[in-house]
Amino acid sequence: MEIDFFDKIYDSWKPKQLQKFEALRPFFKMHLKEKHSILDLGVGRAWLETFLQDRAFKLGRIVGVDINEFLVNPKMPWINYEFSKNFQTSEKFDWVVCFDSLHLLSDKNIVKFLKPEGFALIALPASLMHEIPKFPKAEILHEGFVGIEEKDYFQLLRLKN
Numbered sequence: 003m004e005i006d007f008f009d010k011i012y013d014s015w016k017p018k019q020l021q022k023f024e025a026l027r028p029f030f031k032m033h034l035k036e037k038h039s040i041l042d043l044g045v046g047r048a049w050l051e052t053f054l055q056d057r058a059f060k061l062g063r064i065v066g067v068d069i070n071e072f073l074v075n076p077k078m079p080w081i082n083y084e085f086s087k088n089f090q091t092s093e094k095f096d097w098v099v100c101f102d103s104l105h106l107l108s109d110k111n112i113v114k115f116l117k118p119e120g121f122a123l124i125a126l127p128a129s130l131m132h133e134i135p136k137f138p139k140a141e142i143l144h145e146g147f148v149g150i151e152e153k154d155y156f157q158l159l160r161l162k163n
């Protein structure tokens with residue numbers, strides 16, 4: 003019973019998230035290249051990755067991180083999942099995305115996972131935008147607000163060379 007309730011609540015967020023992804027699509031078209039690798043911190047049910055694939059983006063390696071295996075049901079076979087409260091890796095990615103989860107991370111320095119000139123996309127509810135730290139090694143390419151029913155503040159960053 004508890005799981006069914008959670009699934010209904012969680013799934014009710016999907017249309018709001020898809021609305022945000024649609025608003026961000028021009029930035030993906032501009033910067034996301036074929037076979038780019040993605041690290042998704044707070045992957046959940048992989049709505050972003052599914053959104054991108056449904057719109058003909060050809061993605062490379064995808065690593066999805068979440069704290070709880072229960073949250074990622076169903077698992078997508080084309081995503082490499084990691085379950086951790088404090089994810090660490092020496093692997094570098096073309097993209098790091100963090101939707102509505104940066105404030106939950108103990109280490110907010112997500113740009114450490116980027117390849118040189120890699121991109122980070124962070125989005126948080128507008129009320130939590132102060133949780134996004136300054137990243138001296140990255141430049142802000144785009145920032146603003148997305149969403150109609152639920153406003154998120156976002157930053158698209160690129161790691162400086």
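Everything in the sequence shown is counted per this note's numbering, starting at 3 for the first residue and increasing by one. Glycine included, C-beta positions come from ideal geometry on N, C-alpha and C.
{"query": "If you drop the 5 nearest sequence neighbours on each side, which residues of the same chain put their C-beta closer than 7 Å to that of Phe23?", "result": "Leu50, Phe53"}
{"query": "Pick from Arg47, Ile64, Glu141, Leu26: whose alpha carbon is nearest that of Trp97?", "result": "Ile64"}
{"query": "Just to confirm, are Phe156 and His33 a CB contact at a threshold of 8 Å?", "result": "no"}
{"query": "Helix, strand or coil for Phe72 per DSSP?", "result": "helix"}
{"query": "Please report the straight-line C-alpha distance between Val74 and Gly66, rounded to a whole angstrom.", "result": "9 Å"}
{"query": "Between the Cα of His132 and those of His105, Ile150, Gly149, Ile112, spot the shortest distance and give me the residue it belongs to.", "result": "His105"}
{"query": "Let's test the definition: count the other Cβ atoms within 10 Å of the Cβ of Ser103 and tell me whether it reaches 16, buried, or not, exposed.", "result": "buried"}
{"query": "Do Leu159 and Ala128 come within 8 Å of each other at the CB atom, strictly closer than that value?", "result": "no"}
{"query": "Please state the DSSP three-state secondary structure of Trp80.", "result": "coil"}
{"query": "State buried or exposed for Phe115, treating a residue as buried only when at least 16 other CB atoms are found within 10 Å of its CB.", "result": "buried"}
{"query": "Kindly identify the DSSP beta-bridge partner or partners of Gly146.", "result": "Phe156"}
{"query": "With a cut-off of 8 Å, do at least 3 Cβ pairs link the stretch 146-153 to the stretch 11-26?", "result": "yes"}
{"query": "Return the residue from the list Glu84, Ala58, Arg47, Arg57 that minimises the CA-CA distance to Trp15.", "result": "Arg47"}
{"query": "Compare the beta carbon distance of Asp109 and Asn82 with 8 Å and say whether it is the shorter of the two.", "result": "no"}
{"query": "In angstroms with no decimal places, state the Cα-to-Cα distance between Pro118 and Val99.", "result": "16 Å"}
{"query": "Taking Leu61 as the reference, which of Pro79, Val113, Lys35 has the closest Cα?", "result": "Lys35"}
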